[in-house]
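Asker:
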Ligand SMILES: Nc1ncnc2c1ncn2[C@@H]1O[C@H](COP(=O)(O)OP(=O)(O)O)[C@@H](O)[C@H]1O
Ligand SMILES: [Mg+2]
């Protein structure tokens, strides 16, 4: 039983360890998120959480996959983009495993992993709408490279939702609470709809919503209005990317893609233009190690290894920078 | 007012363009379509704002470059009716020349490409001198008519454009040429035309490099 790949994820608040077999089947996918007492971003605390827990998570992932460490052919890790302290912790765990087992190291771009793992949903050549806390991008593979068709010019959609929640005293992560509140919202309050070319911006929504809240707007109406406005922006840019590339599939990725209203809007857009859409199950939507392992396997088969010296983290690892040798 | 709607010329992600006639005139009717995914009030607001913006941009551009005359806008139907500019879109024309499907002179059409490129550049320079940025200067948004390049689809354009927006226009043109007309001199010719028409063209062209060096400005990656 050789040829298995372990993937270690640690770009932000979530630590993940996943294992795939040589055929790409996911054998385990252990996820553990750091949730701060107070809202906001806590890179150091999250990194401490990851370094405390990763060794044990690797053991659990091995056990769940019913494997021995000698069955591993390579170790893949999230090399970037992300928060420095978190990335460093995941990279350290990966290097240690690579050295101790004498197996190659594979540096995976986290955003690309969200796209690659779409295979498992049946998508063949999709536009990825990637919506998480820190990241908001529309990505596809075109002409031999991963390309960003649109992205946020300020904050990620998830951060915007969480930040708005924290101004209302809702603990992190607030986005699911806001989604529930939005279901009881009725009135659509005016918020800035900001799409420029293929890019979006969310900070204007945050400022306006806070002002409306001070003036007495209900949390329900505000949540509803924020979702309707921000999600419409995302779906519009996704549709433009479809039209521009001629592709016919949309894949969702990132934790915010668990929002039922966003999924519904993507579904309607796709139906209206005769495209199909794919939503991975939550453990593959969220940040996770299985997608790192899965992408790592493709890279492994193409011999895309890196040495320890080349394994430095890349906090601003851009999707377009990925040198693709495995597709 | 007698309007007849004919064939669909193009169905884009945002708008459908129909050919038609108004009285004896050939017209084009561009309709912004409703999107079922978005809230009805956002849908209505975007469609009417964008229709109004595009009409305003077309009118403003008319003082500087060849652009179709607007005959009517209907903010309830979200339509702009404009005169039809007869002739190929520049994209198709250039592709025909470069594919050798046109009966061109022995130089393989290089002179024609040069002339078209220079008119594109000169047109953008005049728009920019009027403070307008086109916003989406691909060769599908230009029509070749009577030996001139006409500009359409200014829906992403802006007024009061600064040097950044002007340089972005040129950069978008470069991306469009690289993806649709690779290996042609079209972009270099456009820059020639731009520089010989625009008084402050040098500064704008230099600014392109500054944007390039920032490394994060690809609105429309080449397909
Ligand atoms: N005034 C016009 N005269 C002739 N053809 C036009 C005119 N306006 C638009 N078209 C045709 O319709 C196509 C799409 O129009 P455009 O305004 O660019 O809409 P879209 O937003 O879909 O790109 C153009 O590429 C061109 O072929
Ligand atoms: Mg157009």
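Residue numbers (this note's numbering), protein chains in the order written: chain E, 1 to 327; chain C, 1001 to 1223.
Idealized CB from N, CA, C, for every residue including glycine.
Every value quoted in this text rests on a predicted model; they were computed, and no experiment measured them.
Closer than 9 Å by beta-carbon distance: list the chain C residues that pair up with residue 232/E, in chain order.
Answerer: Going along chain C in sequence order, the residues near residue 232/E (Cβ under 9 Å) are 1035, 1037, 1038, 1039, 1042, 1043, 1046.
Asker: With respect to 7 Å, is the separation between the Cβ of residue 194/E and the closest non-hydrogen atom of ligand 2 below this value?
Answerer: It does not: the Cβ of residue 194/E is nowhere closer than 7 Å to a heavy atom of ligand 2.
Asker: Looking at the C-beta of residue 1013/C, does it have a partner C-beta in chain E at a distance below 8 Å?
Answerer: Closer than 8 Å to some Cβ of chain E, the Cβ of residue 1013/C qualifies, so yes.
Asker: Can you confirm whether residue 1161/C, when its beta carbon is compared against all beta carbons of chain E, has any partner nearer than 8 Å?
Answerer: So, not an interface residue.
Asker: Tell me whether residue 1033/C counts as near ligand 1, meaning its Cβ is closer than 7 Å to at least one heavy atom of that ligand.
Answerer: No; taking the cut-off as 7 Å, the Cβ of residue 1033/C has no heavy atom of ligand 1 nearer than that.
Asker: So what does DSSP say about residue 76/E, is it helix, strand or coil?
Answerer: Correct three-state label for residue 76/E: strand.
Asker: Excluding five sequence neighbours on each side, which residues of the same chain lie with their C-beta closer than 6 Å to the C-beta of residue 1138/C?
Answerer: Hits under 6 Å: 1176.
Asker: Judging by CA-CA distance, which residue of 270/E, 245/E, 169/E, 243/E is the nearest neighbour of residue 252/E?
Answerer: When each option's Cα is compared against that of residue 252/E, the closest is 270/E.
Asker: From what residue to what residue does the alpha helix (DSSP H) around residue 1168/C run?
Answerer: Residues 1163 to 1180.
Asker: Hey, would you say the C-beta of residue 1073/C is under 7 Å away from at least one heavy atom of ligand 1?
Answerer: Flag unset: Cβ of residue 1073/C not near ligand 1.
Asker: If contacts are defined as beta-carbon pairs under 8 Å, then residue 242/E and residue 127/E qualify, I think. What distance do you get, rounded to the angstrom?
Answerer: Indeed they touch by this definition, with Cβ atoms about 6 Å apart.
Asker: Out of 1003/C, 1130/C, 1092/C, 1163/C, point me to the one whose CA is closest to residue 1080/C's CA.
Answerer: If we check each option's Cα against that of residue 1080/C, 1003/C comes out closest.
Asker: Is any heavy atom in ligand 1 found nearer than 7 Å to the beta carbon of residue 1015/C?
Answerer: Correct: residue 1015/C has its Cβ closer than 7 Å to ligand 1.
Asker: Note the first and the last residue of the continuous alpha helix (DSSP H) segment covering residue 35/E.
Answerer: No alpha helix (DSSP H) contains residue 35/E, which DSSP labels as neither H nor E.
Asker: Is residue 1154/C close to chain E, meaning its C-beta is less than 8 Å from at least one C-beta of that chain?
Answerer: Cβ-Cβ to chain E under 8 Å: no for residue 1154/C.
Asker: Is residue 1191/C near residue 1149/C, with beta carbons less than 8 Å apart?
Answerer: Against a cut-off of 8 Å, the Cβ pair of residue 1149/C and residue 1191/C comes out as no contact.
Asker: I'd like the span of the alpha helix (DSSP H) that includes residue 203/E, first residue to last.
Answerer: It spans 203 to 214 - the alpha helix (DSSP H) in which residue 203/E sits, taken as one unbroken run.
Asker: Below 8 Å on the Cβ atoms is my contact criterion, and I expect residue 178/E with residue 161/E to pass it. Report the Cβ-Cβ distance as a whole number of Å.
Answerer: Their Cβ separation, rounded to whole angstroms, is 6 Å, which keeps residue 178/E and residue 161/E in contact under 8 Å.
Asker: Rounding to the nearest angstrom, what Cα-Cα distance links residue 329/E and residue 256/E in this structure?
Answerer: Because chain E in this structure spans residues 1 to 327, residue 329/E falls outside the shown range and cannot be described.
Asker: Any heavy atom of ligand 2 inside 7 Å of the beta-carbon of residue 1153/C?
Answerer: It does: the Cβ of residue 1153/C is within 7 Å (strictly closer) of some heavy atom of ligand 2.
Asker: When you measure from the CB of residue 166/E to every non-hydrogen atom of ligand 2, does any distance come out below 7 Å?
Answerer: No - ligand 2 has no heavy atom lying nearer than 7 Å to the Cβ of residue 166/E.
Asker: In three-state DSSP terms, what is residue 1151/C?
Answerer: Residue state, collapsed to three classes: strand.
Asker: Helix, strand or coil for residue 278/E, going by three-state DSSP, please let me know.
Answerer: Residue state, collapsed to three classes: strand.
Asker: In angstroms, rounded to a whole number, what distance separates the CA positions of residue 35/E and residue 45/E?
Answerer: Answer to the nearest angstrom: the Cα atoms are 9 Å apart.
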